[in-house]
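**Q** Protein chains in written order, with our numbering: chain A, 30 to 229; chain B, 59 to 520.
Below are the structure tokens for one structure; questions will follow.
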Amino acid sequence: MADIWLGKLQSAQKTCLIQDGRRKIHFTFPDATEMAEEYDTKTNDLIVRKWRKKGTLGGAGRWEMEIGEQSVPINLEVEGLMESSLNPIFVRKDTKTHFQWRIRNLPYPIDTYKVAAKPEERQIVISTTNKKYYKKFNIPDLDRCQVQIDQSAIEFAHANNTLIISYKKPPQIVDMEKRFQQELKKMKASNDGDVDCTPS
Amino acid sequence: MAAPTAEKVQEIREVTRIERIGAHSHIRGLGLDDALEARQVSQGMVGQVKARKAAGVILEIIKDGKIAGRGILIAGQPGTGKTAIAMGMAQALGTDTPFTSIAGSEIFSLEMSKTEALTQAFRKSIGVRIKEETEIIEGEIVEVQIDRPATGTGAKVGKLTLKTTEMETIYQLGQKMIESLTKEKAQAGDIVTIDKATGKITKLGRSFTRARDYDAMGAQTKFVQCPEGELQKRKEVVHTVTLHEIDVINSRTQGFLALFSGDTGEIKSEVREQINSKVAEWREEGKAEIVPGVLFIDEVHMLDIECFSFLNRALESDMAPILIMATNRGITRIRGTQYTSPHGIPIDLLDRLVIISTSPYEEKEIKQILRIRCEEEDVEMSDDALTVLTRIGMETSLRYAIQLITASSLVCRKRKGSEVDVEDIKRVYSLFLDESRSTQFLKEYQQEFMFNEMVPDEMETS
Chain A
30 MADIWLGKLQ SAQKTCLIQD GRRKIHFTFP DATEMAEEYD TKTNDLIVRK WRKKGTLGGA
90 GRWEMEIGEQ SVPINLEVEG LMESSLNPIF VRKDTKTHFQ WRIRNLPYPI DTYKVAAKPE
150 ERQIVISTTN KKYYKKFNIP DLDRCQVQID QSAIEFAHAN NTLIISYKKP PQIVDMEKRF
210 QQELKKMKAS NDGDVDCTPS
Chain B
59 MAAPTAEKVQ EIREVTRIER IGAHSHIRGL GLDDALEARQ VSQGMVGQVK ARKAAGVILE
119 IIKDGKIAGR GILIAGQPGT GKTAIAMGMA QALGTDTPFT SIAGSEIFSL EMSKTEALTQ
179 AFRKSIGVRI KEETEIIEGE IVEVQIDRPA TGTGAKVGKL TLKTTEMETI YQLGQKMIES
239 LTKEKAQAGD IVTIDKATGK ITKLGRSFTR ARDYDAMGAQ TKFVQCPEGE LQKRKEVVHT
299 VTLHEIDVIN SRTQGFLALF SGDTGEIKSE VREQINSKVA EWREEGKAEI VPGVLFIDEV
359 HMLDIECFSF LNRALESDMA PILIMATNRG ITRIRGTQYT SPHGIPIDLL DRLVIISTSP
419 YEEKEIKQIL RIRCEEEDVE MSDDALTVLT RIGMETSLRY AIQLITASSL VCRKRKGSEV
479 DVEDIKRVYS LFLDESRSTQ FLKEYQQEFM FNEMVPDEME TS
């Protein structure tokens, strides 16, 4: 199953660019969906992965973050309302061996939290005994490769007002990511700065 | 004790009455019964029985939604309720049918060409009902906090805390959201949904946990369970958007390209064609439904010959709305030509229209309209005063008489009277001239006005 996703990535139209110490890759899939990834050039860690779909009525939608933090500031007057910065902030940040989620601004002690896998819904549910925080999320990587969610792969820890949930990557995913990295190495990246425009 | 209470009442009225009283705000519908017979006085409409019945028939055609591109002309003398009939139709159609109302002179602008303005008006009048997935926030209000800045001016700051059975989140509010929250009178204990894309707030009811505080609760208060799970949900909603809105969403130029193209407000015809075929595709797949609406052009004699020939063609398209026009002209010159024609509209266009005509009001009807207007403007008037005002209305014009209502009520309030009297009417009648008295005055004192010495000669030759 992992091969199907890898094939899809390979067939997508890709643009690569190195900027601010990050290798940025932009994918356009045949259905006009866009995906953008950013890797650290030194460690090859995946920092950002975001998606953009076309709206029902046409027009470009907005970027939805899968990994990493939204960097564009939200304009309150345009949006109407936004979540206050005092709320828990949910961010995914992977390591080489684990999928990892960090929820900042969660001051409650560790025994407040319950993290449960729901394999039939393909989701992980975080709930709190004091009813202050609740979140359902899926792991798109596992969905794409159709791997089941496994409760035993989940670990969580709490420190510095942050709840950290880790999920050990299954071997087929690790293998696929390795192969994809090799693929990326072959891609030519245009460097940032002045664009080559020597008149012929 | 009584004074503060009165003040309170005044305050509450101000909040609820955000709409101002316009010339046609007393119109609530066409005032027809189920058999499309016009009731003599109903929904703010008085008289014009034939015209209203005709409008009712047209309304049925629109509601059917099958016929595209019909034209209707409402013709009649000034002040015979042409615009009122159009407004009544708009009210009767409800909010889900697009109703665009423009004045004939609105399309003349330097920003865009006349045909572009007309095309946009046409496309604003066609709705597409489509299912769309949107993000909504659904929860029980724990707290609304709106802070005015200490200086009294500037932006308000707002905070809204919402909860479900599982979680709680604080939101910061923008100006628009604060306004709609105050308008909805949302308070702690209400269950609301907020559409994230449009910012629309819908009150679902009160939370069951609040069922025991009985204070100031209407009989129609609905109690609902506090929602479960996450606050933010994705939900499929059906809503109506106009073709023009879809045009705009798809025509906005992206990124730096906008620098070169500039925003002229015109939409390329390729974009429109693309959208037309897309909508046709949705319709075939059963994803969307077309809701033909109404385009109302008031003062249609202000359009020129180019617009009329454009209309001829545009009405033939199967995406055209029902076109309603109103004019108060008789046989006059068509704008942009030397030819005269009935209503200032070319014969070939007139041929494509059905014409509804309105006739001058009877004395009884004028009295009724004035009474309705008095009610709308909250003016108490004695019967004698109303009779006098009706006579004024008969001799001058209905509009002049309506204007006198407001003025006379002010005069009456200044003399601390509770009811507008004949004296007040007489007073304002002498203060404000009507059109015919003003003309009379001008005729008498012509010589004493400026630039008079050279005018008479030229006047006669032209």
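All residues carry an ideal CB built from backbone N, CA and C; glycine is no exception.
1. Please compile the residues from chain B whose C-beta is within a distance smaller than 9 Å of the C-beta of A:E150.
2. Hey, how far is the Cα of A:D32 from the Cα of A:L38?
3. Counting only C-beta atoms, is B:I119 closer than 8 Å to chain A at any point?
4. Suppose the cutoff is 6 Å on Cβ atoms and the five residues either side in sequence are ignored; what does the same chain contact list for B:A112 look like?
5. Using a Cβ cut-off of 9 Å, which residues of the stretch 221-234 of chain B contact any Cβ in chain A, in chain order?
6. Output yes if chain A places a C-beta closer than 8 Å to the C-beta of B:I307; else output no.
7. Please tell me whether A:E108 has its Cβ less than 8 Å away from any Cβ of chain B.
8. What three-state label does DSSP hand A:Q39 in the structure shown?
9. Quick one: which unbroken alpha helix (DSSP H) runs of 4-plus residues sit fully inside the stretch 150-218 of chain A? Chain order, please.
10. Is the CB of B:L447 under 8 Å away from at least one CB in chain A?
11. Within the same chain, show all residues whose beta-carbon is closer than 7 Å to that of B:I346, passing over the 5 residues directly before and after it, in chain order.
12. For B:M225, does the three-state DSSP call read helix, strand or coil?
13. With distances taken from CA atoms, which of B:A384, B:P379, B:F366 and B:G80 is nearest B:T395?
14. Under three-state DSSP, which class holds B:S319?
15. Quick check: what's the CA-CA separation for A:M205 versus A:A61?
16. Just how far apart, CA to CA, sit B:I382 and B:V352?
17. Please state if the CB of B:D253 and the CB of B:I194 are separated by a distance shorter than 8 Å.
18. Alpha carbon to alpha carbon, how far is B:A316 from B:Q178?
19. Would you check if there are 3 or more beta carbon pairs closer than 8 Å linking the stretch 403-411 of chain B to the stretch 135-153 of chain B?
20. What residues in its chain sit with their C-beta under 6 Å from that of B:R457, if we drop five residues either side in the sequence?
21. Step through the CB atoms of chain B and report whether any lies within less than 8 Å of the CB of A:L105.
22. Secondary structure at A:W92, three-state DSSP: helix, strand or coil?
23. For B:K425 and chain A, any beta-carbon pair shorter than 8 Å?
24. By the DSSP assignment, the beta strand (DSSP E) with B:V296 in it spans what residues?
25. Please report the straight-line C-alpha distance between B:L462 and B:L88, rounded to a whole angstrom.
26. Express the C-alpha separation of A:S114 and B:D205 in angstroms, rounding to a whole number.
27. For B:A144 and B:V115, what's the separation of their Cα atoms in angstroms?
28. Rounded to a whole number of angstroms, what is the C-alpha to C-alpha distance between B:D442 and B:A133?
29. For chain B, check one thing: does any of its Cβ atoms lie closer than 8 Å to the Cβ of A:S100?
30. Are the stretch 92-111 of chain B and the stretch 372-392 of chain B in contact at 8 Å, needing three or more beta carbon pairs?
31. Rounded to the nearest angstrom, what separates A:D74 and A:K125 at their Cα positions?
32. For B:K326 and B:A244, I'd like the C-alpha separation in whole angstroms.
33. What do you get for B:G80, buried or exposed, if any count of 16 or more other CB atoms within 10 angstroms of its CB means buried?
34. Tell me the rounded alpha-carbon separation between A:P169 and A:V176.
35. So, does the CB of B:G197 fall closer than 8 Å to a CB anywhere in chain A?
36. Leaving out five residues on either side along the sequence, give the residues of the same chain with a beta carbon under 7 Å from the beta carbon of A:K164.
**A** Result, derived from the coordinates:
1. Chain B residues near A:E150: none, gap ~12 Å exceeds 9 Å.
2. 10 Å
3. no
4. I414
5. K221, T222, T223, E224, M225, E226, T227, I228, Y229, Q230, L231, G232, Q233 and K234
6. yes
7. yes
8. helix
9. 169-174 and 200-215
10. no
11. Looking at the sequence itself, residue 346 of chain B is Ala, so the reference to Ile does not match. Counting only Cβ-Cβ distances below 7 Å, and skipping sequence neighbours, we find V186, R187, I188, V337 and W340.
12. coil
13. B:F366
14. Any reading at B:S319 needs caution, since the residue's pLDDT is 43, under 50, leaving its predicted position unreliable; the model's value is listed next. If DSSP states are grouped into helix, strand and coil, B:S319 belongs with the helices.
15. 24 Å
16. 7 Å
17. yes
18. In this prediction, B:A316 scores a pLDDT of 40, lower than 50, which makes its location untrustworthy; no coordinate-derived value is stated.
19. no
20. G137
21. yes
22. coil
23. no
24. Q290 to T300
25. 26 Å
26. 18 Å
27. 13 Å
28. 34 Å
29. no
30. no
31. 7 Å
32. 43 Å
33. exposed
34. 10 Å
35. no
36. F119 and I155
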